[in-house]
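Peer 1:
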Amino acid sequence: MLVSAAMVLFMTPGLALFYGGMVRQKNVLSTMMHSLVAMGIVGVQWAIIGYSLAFGPDMGHGLVGDFSKALLNGLITFKDGNAIYALFQNVPTEPGAIPEYVFAMYQAMFAIITVALISGALAERIKFSAYCLFVLLWTTLVYDPLAHWVWMSDGWLFKMGALDFAGGTVVHLSSGISALVVLFFLGKRHGFPTERMAPHNLPLTLLGVGLLWFGWFGFNAGSAIVGAGCSDAAGGLAGLAFMTTTIAPAAAGLTWMIAEWIHAGKPSALGFGSGVVAGLVVITPAAGFVQPGAALLMGVAGGLVCYGGVLLKAKLKYDDSLDAFGVHGVGGTTGAILTGVFATVGATGLTSGNMKQFVTQLIAVGAAGAYAVVVTLVIAFVLHKTIGLRVEKEDEIMGLDQTQHSETAYN
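Quick note on numbering: my numbering labels position 341 of the sequence shown as 1008, and the sequence is numbered without any gaps.
(1) Is the CB-CB distance between L1056 and S697 below 8 Å?
(2) Per DSSP, D725 is paired with what?
(3) Expressed to the nearest angstrom, what Euclidean distance is found between the alpha-carbon atoms of G610 and G729?
(4) So what does DSSP say about A1037, is it helix, strand or coil?
(5) Give me whichever residues DSSP pairs with F886 in a beta bridge.
(6) Could you please give me the residues that DSSP links to I751 through a beta bridge?
(7) Tell me, to the nearest whole angstrom, how far the beta carbon of A705 is from that of A783; I am working on the premise that it is less than 8 Å.
(8) Suppose the cutoff is 8 Å on Cβ atoms and the five residues either side in sequence are ignored; what does the same chain contact list for F1048 look like?
(9) Roughly how many angstroms separate the alpha carbons of V802 and Q712, rounded to a whole number?
(10) In three-state DSSP terms, what is I765?
(11) Inspect the CB distances between the stretch 834-850 and the stretch 992-1004 and report whether three or more fall short of 8 Å.
(12) What residues in its chain sit with their C-beta under 7 Å from that of G681, if we drop five residues either side in the sequence?
(13) Inspect the beta-carbon positions of M668 and I892 and report whether they are closer than 8 Å.
(14) Along the alpha helix (DSSP H) that carries Q756, what are the first and last residues, could you check?
(15) First and last residue of the alpha helix (DSSP H) that includes A918?
(16) Measure the CB-CB distance between M699 and P866 and report whether it falls below 8 Å.
(17) Would the stretch 915-925 and the stretch 934-941 be scored as touching if the rule is three or more Cβ pairs under 8 Å?
(18) Using DSSP with H/G/I as helix, E/B as strand and the rest coil, what is I1054?
(19) Taking only the alpha-carbon atoms, compute the straight-line gap between M965 and T912 and give it to the nearest angstrom.
(20) Just curious, the alpha helix (DSSP H) that T1018 is in, first and last residue?
(21) Is it the case that the stretch 767-777 contacts the stretch 1033-1048, given that we only count it when at least three CB pairs across the two stretches are under 8 Å?
(22) Contact between the stretch 951-965 and the stretch 979-987: three or more CB pairs below 8 Å?
(23) On the CB-based measure, 16 or more other CB atoms within 10 Å of its CB, does P916 come out buried or exposed?
(24) For the alpha helix (DSSP H) that H701 lies in, which residues bound it at each end?
(25) Quick check on the burial criterion: 16 or more other C-beta atoms within 10 angstroms. Buried or exposed for K736?
(26) Let me make sure I understand the geometry here. Which of I1064, E1074, A1076 has the alpha-carbon closest to that of E862?
(27) Buried or exposed for A900, going by 16 or more other Cβ atoms inside 10 Å?
(28) Can you tell me whether H930 is buried or exposed? The criterion is at least 16 other CB atoms within 10 Å of its CB, across all chains shown.
(29) Contact defined as beta carbons within less than 8 Å: I believe C799 pairs with I708. What is the distance between those atoms, to the nearest angstrom?
(30) I'd like to know whether the C-beta atoms of T679 and V849 end up nearer to each other than 8 Å.
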């Protein structure tokens, strides 16, 4: 679990490379900083209050944890001078508890990367100060309660039986839909869509794809330890999640590539890489609940649906700079729903005749999406009306590396 946690943290620098390569040269450092600064802000926020809100005892109605674990209080006690480490065991009837320190840090890595995903939609025009405040507020008010709803044994969606193995609703749906909401206040980049805004360094982006896929094994297979129905976590279930996290992105990358080949005439490296990430997103909520054949189908579906989600941007003319909504919002929703279709391990879905599970997944998607939209609207509105979300036009034209950080990526 320590290695899995480190792998998940490693995904955030991978995301920085993935996003950084896709922007123009004048914005590469600012874009990478959006991911990296989340490691600092959320790392501190999680220790002070985030973990307690997400995984502390329920405050009432399965909505949010209390403050009893603020500053990670109570994870260690002392008796006769000897340290006694608390164990985290979400489902008390099952074996396999791990030290709560390890669990808390594993979950911290999820919180860090989730808000960083949103930055892909906001790249090249958001004030760094506004972004930092957004990271703190969004993690506290959106991510932490959603994690409690879905992953804490007394969360209301957990008790309803919603399936989310490693973060389809909590991580990807919430971040993708929230990114779209912030765009309502932020607006389009200067020159969009008439000015050419080609990626400045696709090799960086492809390296980011590889690092994300590597880290995602910790993301999904590691989640076998900490979820419901995970009594054989150290063996078969983690292996299953590892396998589906290989098959689905492979299928999605090929599907996106072929769809683009047919639709646009040429298969692009960016398209294949985006397809891989889409497959990783789609399989995340299902990784330990579906068998390999279903993972293959989910990968194909993810590649097609997310490719369509990205094309939607041109038709509706909104400026989701790096396709945070098209990949994570659309992919997270698709994966969460298809989990209710294909689940056969530790739970059953529609293909096994379980309509109730499918309906529960729809409720979870609707509730998580609606909550993220409403709270993000409030956060973005307040920031827009107070310090402002967007840099001045002249600063945007010069580039955020210079105007926000007084640096250049290449000298």
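Cβ coordinates follow ideal geometry from the N, Cα and C atoms, glycine included.
Peer 2: Taking the coordinates as given:
(1) no
(2) G732
(3) Limits of the chain in this structure are 668 at one end and 1078 at the other, which puts residue 610 out of reach.
(4) helix
(5) In DSSP, F886 forms no bridge with anything.
(6) T744
(7) 4 Å
(8) F852
(9) 10 Å
(10) strand
(11) yes
(12) G875, L878, L879, G882
(13) yes
(14) Unbroken run through Q756: none, as it is neither H nor E.
(15) 905-931
(16) no
(17) yes
(18) coil
(19) 11 Å
(20) That residue, T1018, is in no alpha helix (DSSP H); it is neither H nor E in DSSP.
(21) no
(22) no
(23) buried
(24) 695-712
(25) buried
(26) I1064
(27) Confidence at A900 is low in this model, with a pLDDT of 48, below 50, so its placement is unreliable and the value that follows should be read with caution. It counts as buried.
(28) exposed
(29) 6 Å
(30) no
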